[in-house]
Structures are given as structure tokens and as C-alpha cells.
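Number of protein chains: 2
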Amino acid sequence: MKEGPDIAFLGSLIGEPARANMLTALLSGKALTASELAAEAGVTVQTASSHLSKMETGGLLRQRKQGRHRYFALADDDVGSVLEAMMGLAAKKGHLRTRTGPKDPALRYARVCYNHLAGDLGVRMMDSLLARDFLMPENEGLGLTDDGRAYFEGFSIDFEPLEKLRRPLCKSCLDWSNRRSHLAGSLGTALLTRFYDLNWAKRVENSRIVAFSTRGEKAFLETFPI
Amino acid sequence: MKEGPDIAFLGSLIGEPARANMLTALLSGKALTASELAAEAGVTVQTASSHLSKMETGGLLRQRKQGRHRYFALADDDVGSVLEAMMGLAAKKGHLRTRTGPKDPALRYARVCYNHLAGDLGVRMMDSLLARDFLMPENEGLGLTDDGRAYFEGFSIDFEPLEKLRRPLCKSCLDWSNRRSHLAGSLGTALLTRFYDLNWAKRVENSRIVAFSTRGEKAFLETFPI
DNA sequence: GGTAAGCTTCGGTTAGCATCGAACTATGAA
DNA sequence: TTCATAGTTCGATGCTAACCGAAGCTTACC
Numbered sequence: 001m002k003e004g005p006d007i008a009f010l011g012s013l014i015g016e017p018a019r020a021n022m023l024t025a026l027l028s029g030k031a032l033t034a035s036e037l038a039a040e041a042g043v044t045v046q047t048a049s050s051h052l053s054k055m056e057t058g059g060l061l062r063q064r065k066q067g068r069h070r071y072f073a074l075a076d077d078d079v080g081s082v083l084e085a086m087m088g089l090a091a092k093k094g095h096l097r098t099r100t101g102p103k104d105p106a107l108r109y110a111r112v113c114y115n116h117l118a119g120d121l122g123v124r125m126m127d128s129l130l131a132r133d134f135l136m137p138e139n140e141g142l143g144l145t146d147d148g149r150a151y152f153e154g155f156s157i158d159f160e161p162l163e164k165l166r167r168p169l170c171k172s173c174l175d176w177s178n179r180r181s182h183l184a185g186s187l188g189t190a191l192l193t194r195f196y197d198l199n200w201a202k203r204v205e206n207s208r209i210v211a212f213s214t215r216g217e218k219a220f221l222e223t224f225p226i
Numbered sequence: 227m228k229e230g231p232d233i234a235f236l237g238s239l240i241g242e243p244a245r246a247n248m249l250t251a252l253l254s255g256k257a258l259t260a261s262e263l264a265a266e267a268g269v270t271v272q273t274a275s276s277h278l279s280k281m282e283t284g285g286l287l288r289q290r291k292q293g294r295h296r297y298f299a300l301a302d303d304d305v306g307s308v309l310e311a312m313m314g315l316a317a318k319k320g321h322l323r324t325r326t327g328p329k330d331p332a333l334r335y336a337r338v339c340y341n342h343l344a345g346d347l348g349v350r351m352m353d354s355l356l357a358r359d360f361l362m363p364e365n366e367g368l369g370l371t372d373d374g375r376a377y378f379e380g381f382s383i384d385f386e387p388l389e390k391l392r393r394p395l396c397k398s399c400l401d402w403s404n405r406r407s408h409l410a411g412s413l414g415t416a417l418l419t420r421f422y423d424l425n426w427a428k429r430v431e432n433s434r435i436v437a438f439s440t441r442g443e444k445a446f447l448e449t450f451p452i
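Residue numbers (the working numbering), protein chains in the order written: chain A, 1 to 226; chain B, 227 to 452.
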């Protein structure tokens with residue numbers, strides 16, 4: 001009767017508070033256990049387990065067994081992108097969750113989006129890389145220029161393992177706080193890891209906030225001028 | 227307790243079959259009456275009315291009264307983008323609706339996405355415009371170059387009314403069938419209208435398919451070479 | 001082997017919400 | 001005024017799915 005992909009199924013999967021909580025938690029990029037996700041969503045483990053299996057068969061989640069733990073993560077970058085896009089729309093329409101605490105400014109400034117840097121600093125990095133022609137928009141998304149490759153190699157990014165992955169190297173992801181794009185893809189992930197390694201920033205426990213040190217922030221702003 | 231925008235609310239709004247059907251119908255870009263949408267969703271008008279008011283207060287829909295008719299349409303381009311993004315994910319994950327009929331190839335070739343051209347031809351147009359530097363990727367999305375402006379004016383696009391709108395002129399929208407981008411925004415809308423005016427193509431009744439005439443297709447391909 | 005932790009499965013309960021009939025409002029036509 | 005069409009509101013019904021207790025399964029650690 002009807003043509004096209006089934007939006008309703010996806011929507012209902014995302015549109016249940018407990019599941020939405022879990023998905024938002026997983027947007028932090030960390031793989032979490034069923035118990036952790038249950039706590040995050042405020043339901044018992046049995047209920048969480050049921051939700052998790054639904055989301056897994058629905059293609060939103062990926063499961064990795066490790067000993068007696070089962071770690072859940074978003075299935076791929078696309079799931080994260082759609083979630084962030086929905087966040088953007090929700091924010092624009094004023095559908096905010098209960099109370100957007102004092103963390104909010106920090107969250108808008110620098111946060112983890114699945115596995116890469118988002119927020120003001122994420123957008124700034126993207127802008128800077130585009131302005132200096134290190135990244136070039138391509139049909140499908142984003143391409144790395146030769147200059148860009150050299151630049152990142154100078155920044156101690158090792159491309160060899162990245163290129164073996166099935167994930168795209170560069171991808172743009174729409175920011176819900178800014179309504180502008182930031183860099184996703186395996187390069188985005190690698191860069192964020194590099195920031196951690198350089199001690200420019202570290203993750204805030206139980207939050208998506210990325211806390212830059214004053215020194216780290218300075219270095220970041222110098223590395224990615226506008 | 228929790229920070230950030232509320233995904234669950236949006237998801238539940240979209241994740242109900244009747245509502246999803248209506249939204250998909252509205253992706254055609256046409257404003258439809260409550261009765262038409264009820265038929266589209268396969269529910270009675272009372273039920274439809276209830277759904278419509280929910281979606282309107284939820285910010286997904288916009289209502290325009292006209293005599294004793296009430297026309298509903300998607301609230302803005304962003305809603306359309308999120309819907310297409312979800313379609314992309316659903317298609318990728320294999321969640322297709324009941325049976326994807328013989329219309330499908332035509333739908334992938336050229337269809338309406340809210341108010342602009344999508345599908346293979348839509349993507350080709352985007353590629354062509356980018357390759358010839360008529361469009362340039364900018365921070366937020368897409369920018370029109372001076373060359374581009376001249377080019378479109380030669381194509382009888384009148385920019386004056388377009389620039390008075392609050393909508394962005396150019397915007398990229400991810401294609402669910404192709405997983406590549408095509409041109410949205412008010413320019414995208416204007417171009418599609420122009421194709422209709424030139425009799426290159428016309429809408430197929432009760433469908434999102436855009437049917438190009440052989441002459442129109444030829445002209446289109448020449449106008450937007452790769 | 002025994003025990004504990006992590007997670008899933010099963011069954012029964014409950015709550016929310018979509019659904020529709022019927023009554024009501026509003027606009028237009030005769 | 002009267003009738004017809006478009007749409008909303010109200011109330012009752014019924015279905016679905018989330019929820020949790022209890023039991024079962026698997027893996028680890030002593």
C-alpha cells in the first residue's frame with residue numbers, strides 16, 4: 001500500500017522515555033552495561049533488558065559481550081546523527097527535558113557527541129578546518145584534502161588504522177545546541193582521543209561534558225584558529 | 227535531573243503509525259485537509275483530528291484555515307529534514323513499509339521531498355551545482371556564489387521574493403534513497419517550481435513521484451551536467 | 001563444586017492511549 | 001432559515017506495551 005521506509009517503527013523505538021534515556025546516555029559514546037543503562041533510565045534491569053533487545057533487533061544498538069558483562073553502544077554513527085538531529089528539532093521547538101540544569105552552558109561549550117567533539121568548540125574546529133581547506137565538502141559528506149592529511153599527520157594522527165575501518169573518515173554532524181555542523185567520522189573520533197592524550201581535556205564523569213583545562217583550551221584555540 | 231532536549235516526546239509523536247502516515251503524506255509538500263489526512267492514515271476524522279492537534283502543539287505541523295477547510299502542512303524545513311533523516315536510517319536498517327511497490331524505482335529516481343526535488347535527479351543537480359562552484363558549502367550549510375546567482379537568474383529564478391522569506395536560501399537535505407545530499411531551502415523549492423513551469427515534469431497524483439517527460443529529462447540532464 | 005553477579009525469559013498486572021460513536025461548533029450554500 | 005459539509009470535543013471501550021516479581025541461564029571467582 002504505502003511506499004518507503006518505516007518511520008513509525010523507528011519513532012516508536014525512540015519515543016519511549018526509558019529507551020530515549022538510554023539512547024541519550026549512549027550518545028556519550030561510552031559503551032554501557034545493561035545495569036548501568038537501567039539505572040540511567042530509572043527502570044529495573046528486567047525492563048531495561050527488554051528495551052535493549054528491542055533496540056538491538058531494531059538496529060539502533062550493538063552489543064558486545066565481555067565476560068559476564070554485556071556492553072551496549074549505538075550501532076553506528078548514523079544512529080547518533082539522527083538522534084542529534086532530533087535533539088536539534090526538539091530544542092528548537094522548546095521540548096526540553098524536565099529541567100536543564102547549570103551544566104547546560106558547559107554542555108553547549110564542549111561535549112561528546114557519540115564519539116567526537118560537539119558544542120561550540122566542535123563547531124569552531126570544523127569551521128577552522130574548512131576555512132583552511134583541510135577539509136572539503138564532497139557529494140556524500142566531507143573529504144580530506146592532501147593539505148589536511150599532512151596537517152593531521154603533523155598532529156600525530158595515524159591514518160592507517162582509520163582507513164581500515166568501515167566507518168567514513170570524515171562526516172559532518174549537525175549540532176543541536178548550535179544548529180551548525182561539527183566533524184564526525186573516524187577522524188573526529190581520533191582527534192578527540194588525541195585531545196585526551198594531550199591532556200587538553202578530559203571527560204566529566206556521568207555527563208557528556210568535555211572539560212578543557214585552561215592550558216588545553218588555549219592550545220585548542222591556537223590549533224584551530226578561525 | 228536530565229539535561230538536554232526531549233527526544234522521547236518527538237519520537238512518540240512520530241512513532242505512531244497513523245501519525246507517521248500523515249507525516250509521510252505531508253512530506254509531499256502539499257498542504258492537506260484533515261479529511262484527506264484521515265484517509266491517508268486509514269483512520270476516522272475524529273481520530274485524525276486528535277492526532278493533528280497533538281502534532282500541531284508539538285510543533286511538527288502548521289495549520290492554515292481557509293474557509294471551512296483546514297490545511298495542514300509540515301511546520302518548517304527542519305521537520306522535513308528530520309523525517310528524511312529517519313527515513314534514511316530506517317531504509318538502511320531494512321525497516322521498510324509493508325510492500326515497496328513497483329512505484330519504488332520511480333520514487334528513487336525523482337520525488338518530492340517536502341517542497342524540493344529529491345532522488346537520483348535531485349542528487350545529480352546538487353552535484354552539478356557544487357562541481358561548477360555555483361553553490362559553496364558554508365558553516366551552517368550551503369551558500370550561493372556570485373556565479374551561481376547569475377546562473378540561476380539566467381534560469382529565470384527571481385531572488386527578490388526568496389530573500390524576503392525567513393527560510394534559508396540554500397540548504398542540504400540527506401536523501402534516504404541515495405544517502406547523499408540534495409538541494410533544499412527556498413532555492414530548491416523555486417527550482418522545482420521552475421521545472422513544473424517549463425513543463426519538464428509534473429507531479430503524479432497521490433504520490434511523491436515527480437514524472438519527467440522525455441524532453442524534460444533531456445533538458446534537465448543538459449542543464450545540470452556532471 | 002559452590003556461590004555470587006549479570007542478564008534474560010516468563011507471566012500477570014496495570015496504565016496509557018488510540019479508536020470510534022455521538023453530540024457539538026462553524027462555515028458555506030440554497 | 002434550513003440544510004450540508006468540515007472539523008472538534010467528549011465519553012466509553014479495548015488493545016497494546018511497559019512494568020516488575022520470580023525463576024532460569026550463563027559466566028566468573030574462590
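Glycine included, C-beta positions come from ideal geometry on N, C-alpha and C.
Fair warning: this is a prediction, and the values are worked out from it, not measured in the lab.
Just to make sure I have the definition right: I need the residues of chain B whose C-beta is within less than 8 Å of the C-beta of residue i. Which are they?
i: residue 120 of chain A; result: Near residue 120 of chain A there are no residues of chain B at all, since even the closest Cβ is about 13 Å away, more than 8 Å.
i: residue 8 of chain A; result: 240, 241, 242, 243, 245, 246, 247
i: residue 85 of chain A; result: 307, 308, 311
i: residue 145 of chain A; result: Simply none; closest approach about 13 Å.
Can you pull the chain B neighbours of residue i, defined as C-beta to C-beta under 9 Å?
i: residue 12 of chain A; result: 237, 238, 240, 241, 242, 243, 246
Looking at residue i: is its Cβ nearer than 7 Å to the Cβ of residue j?
i: residue 278 of chain B; j: residue 305 of chain B; result: no
i: residue 246 of chain B; j: residue 240 of chain B; result: yes
i: residue 227 of chain A; j: residue 187 of chain A; result: Residue coverage of chain A in this structure runs from 1 to 226, which leaves residue 227 of chain A outside it and unanswerable.
i: residue 231 of chain B; j: residue 131 of chain A; result: no
i: residue 288 of chain B; j: residue 301 of chain B; result: yes
i: residue 123 of chain A; j: residue 167 of chain A; result: no
i: residue 342 of chain B; j: residue 418 of chain B; result: yes
i: residue 184 of chain A; j: residue 200 of chain A; result: no
i: residue 354 of chain B; j: residue 451 of chain B; result: yes
i: residue 68 of chain A; j: residue 34 of chain A; result: no
i: residue 137 of chain A; j: residue 387 of chain B; result: no
i: residue 227 of chain A; j: residue 312 of chain B; result: Not covered by the structure: residue 227 of chain A. The range shown for chain A is 1 to 226.
i: residue 108 of chain A; j: residue 12 of chain A; result: no
Quick one: what's got a C-beta closer than 8 Å to residue i's C-beta in the same chain, skipping five residues either side?
i: residue 40 of chain A; result: 21, 22, 25, 32
i: residue 44 of chain A; result: 38
i: residue 147 of chain A; result: 132, 133, 134
i: residue 165 of chain A; result: 186
i: residue 58 of chain A; result: 9, 10, 13
i: residue 145 of chain A; result: 133, 134, 135, 136
i: residue 18 of chain A; result: 41, 42, 43, 47, 48, 51
i: residue 379 of chain B; result: 385
Kindly list the residues whose CB is nearer than 6 Å to the CB of residue i, restricted to its own chain and excluding five residues on each side of it in sequence; keep chain order.
i: residue 100 of chain A; result: Because residue 100 of chain A sits at a pLDDT of 36, beneath the cut-off of 50, its placement in the model cannot be relied upon, and the point is left open.
i: residue 434 of chain B; result: 254, 337, 338
i: residue 42 of chain A; result: none
i: residue 332 of chain B; result: 435
i: residue 214 of chain A; result: none
i: residue 344 of chain B; result: 337, 401, 408
i: residue 442 of chain B; result: 426, 427
Name, please, each residue of chain B whose Cβ falls closer than 7 Å to the Cβ of residue i.
i: residue 79 of chain A; result: 315
At 8 Å on the CB atoms, spell out the chain A contacts of residue i, in chain order.
i: residue 430 of chain B; result: Those do not exist, as residue 430 of chain B stays about 12 Å from chain A at its closest Cβ, beyond 8 Å.
Near residue i, which residues of its chain fall below 7 Å by C-beta distance, leaving aside the five closest residues on each side in sequence?
i: residue 83 of chain A; result: 23, 27
i: residue 282 of chain B; result: 289
i: residue 377 of chain B; result: 360
i: residue 328 of chain B; result: Reliability fails at residue 328 of chain B, whose pLDDT of 36 lies under 50, so the model's placement of it is uncertain and the value that follows must be treated cautiously. Excluding residues within five positions, none has a Cβ falling inside 7 Å.
i: residue 1 of chain A; result: With a pLDDT of only 45 at residue 1 of chain A, under 50, the local geometry of the prediction cannot be trusted, and the value read off the model is given with reservation. Here the set comprises nothing.
i: residue 416 of chain B; result: 383, 388
i: residue 49 of chain A; result: 34
i: residue 340 of chain B; result: 253, 255, 300, 303, 306
Name the chain A residues whose beta carbon is nearer than 9 Å to that of residue i?
i: residue 402 of chain B; result: 4, 5
Show which residues of chain A have a CB atom less than 7 Å away from the CB atom of residue i.
i: residue 394 of chain B; result: Ordered by position in chain A, no residue passes the 7 Å Cβ test against residue 394 of chain B, which lies about 11 Å from the chain.
i: residue 451 of chain B; result: In chain order: nothing, as chain A lies at least about 15 Å away.
- Could you name each continuous beta strand (DSSP E) segment of 3 residues or more that falls completely within the region 341–391 of chain B, going from the start of the chain to the end? 342–344, 361–363, 368–370
- Task: Determine which residues of the region 49–66 of chain A have a Cβ less than 9 Å from any Cβ of chain B, and write them out in chain order.
- Result: Listed by position, the residues of the region 49–66 of chain A near chain B (Cβ gap below 9 Å) are 58, 59, 60.
- In chain order, what residues of the region 313–324 of chain B put their CB closer than 8 Å to some CB of chain A? 313, 314, 315, 316, 317, 318, 319, 320, 321, 322, 323, 324
- Task: Would you list, in sequence order, the uninterrupted beta strand (DSSP E) runs of no fewer than 3 residues that lie entirely inside the region 4–81 of chain A?
- Result: 61–66, 69–74
- Interface positions of the region 152–165 of chain A facing chain B (Cβ-Cβ less than 9 Å), listed along the chain: none
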